[in-house]
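Residues 1 to 173, numbered by our numbering, are exactly what the sequence shown covers, in order.
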Amino acid sequence: MTALALSSPVRSLWSRLAALLGLAVLMMSSELRAEERPLLSSPYGELCTTCEGFALCEPDAGGGDVHAVLLHVQSLNFWQQIGTIWSWLRHLFAPVRPETRTVTLYHPDADGGWAPVAEERAVLDLGSNRIDYPGAWIDRGDGAWHDQDGRRIGQCVAVAGRDLLSASSSDTP
């Protein structure tokens with residue numbers, strides 16, 4: 001009987017915690033339509049820790065020597081994902097901090113596929129709504145692609161990158 005009496009308050013505590021967690025998720029989730037969501041975000045908010053994202057950036061007409069780039073924003077590793085638990089809790093009380101992710105940059109190859117050219121670190125900054133990587137940055141609001149001096153060089157869109165890479169013979173730099 002004692003075990004049964006103790007389990008009721010514990011169950012009540014867990015159900016309250018689950019309700020609070022559900023409420024927090026609802027408050028933080030976005031109800032924006034797909035076309036209004038920032039580049040590389042999901043219907044539930046920002047790019048999840050176990051998700052990867054792809055952005056295809058194509059140069060504007062008359063872009064000079066700028067060529068298309070496929071960005072592969074990779075998922076976080078195990079310890080980085082564990083660290084996001086603290087980050088998520090901190091977001092309830094403090095401003096959101098930028099997140100650093102590994103990105104693989106691909107350029108078009110002669111066979112019509114994509115060839116990896118570099119693996120870099122990119123910063124996903126929710127405050128400025130940007131994705132910064134060495135040499136360029138992307139405005140997540142409108143997808144505008146800029147060089148490091150801030151000049152617009154093209155436009156980026158989210159794509160199903162695995163489909164694009166499957167045509168390539170290699171997908172590691």
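For each residue, glycine too, the CB sits at the ideal point set by N, CA and C.
Asked, Found
"Go ahead and label residue 204 buried or exposed: buried means 16 or more other beta carbons lie within 10 angstroms of its beta carbon, across all protein chains shown.", "With the chain covering only 1 through 173, there is no way to say anything about residue 204."
"Between which two residues does the alpha helix (DSSP H) holding residue 83 run?", "78-91"
"For residue 33, which residues in the same chain have their Cβ closer than 7 Å to its Cβ, ignoring the five residues on either side in sequence?", "Since pLDDT at residue 33 reaches only 41, below the 50 mark, its modelled position is unreliable, and the value read off the structure follows with that caveat. Same-chain partners within the cutoff: there are none."
"From residue 29 to residue 110, what does the alpha carbon distance come to, in whole angstroms?", "Note that residue 29 has pLDDT 46, beneath the 50 cutoff, so the model's placement of it is unreliable and the number below is only indicative. Cα-Cα distance, rounded: 42 Å."
"Check this for me: beta carbons of residue 148 and residue 137, under 9 Å apart or not?", "yes"
"Using CA coordinates, which residue listed in 82, 60 and 54 is at the minimum distance from residue 152?", "60"
"The beta strand (DSSP E) with residue 51 in it runs from where to where?", "That residue, residue 51, is in no beta strand (DSSP E); it is neither H nor E in DSSP."
"Assign residue 101 to buried or exposed, taking buried as 16 or more other Cβ atoms, counted over all protein chains shown, within 10 Å of its Cβ.", "buried"
"Short of 6 Å in beta carbon distance, which residues of its chain neighbour residue 132, apart from the five on each side in sequence? Order them along the chain.", "123"
"Applying the 10 Å Cβ sphere with the 16-neighbour rule, what's the burial state of residue 86?", "exposed"
"State the start and end residues of the unbroken beta strand (DSSP E) segment that holds residue 124.", "114-125"
"Kindly list the residues whose CB is nearer than 6 Å to the CB of residue 144, restricted to its own chain and excluding five residues on each side of it in sequence; keep chain order.", "152"
"Could you have a look at residue 105 and say whether DSSP puts it in helix, strand or coil?", "strand"
"Rounded to the nearest angstrom, how far is the Cβ of residue 52 from that of residue 68, given a contact under 8 Å?", "19 Å between Cβ atoms; not a contact."
"If you reduce the DSSP assignment to three classes, tell me which class residue 65 lands in.", "coil"
"Beta-carbon separation of residue 113 and residue 164 under 9 Å?", "yes"
"Using 8 Å for Cβ pairs, my map puts residue 103 next to residue 71. What's the rounded Cβ distance?", "5 Å"
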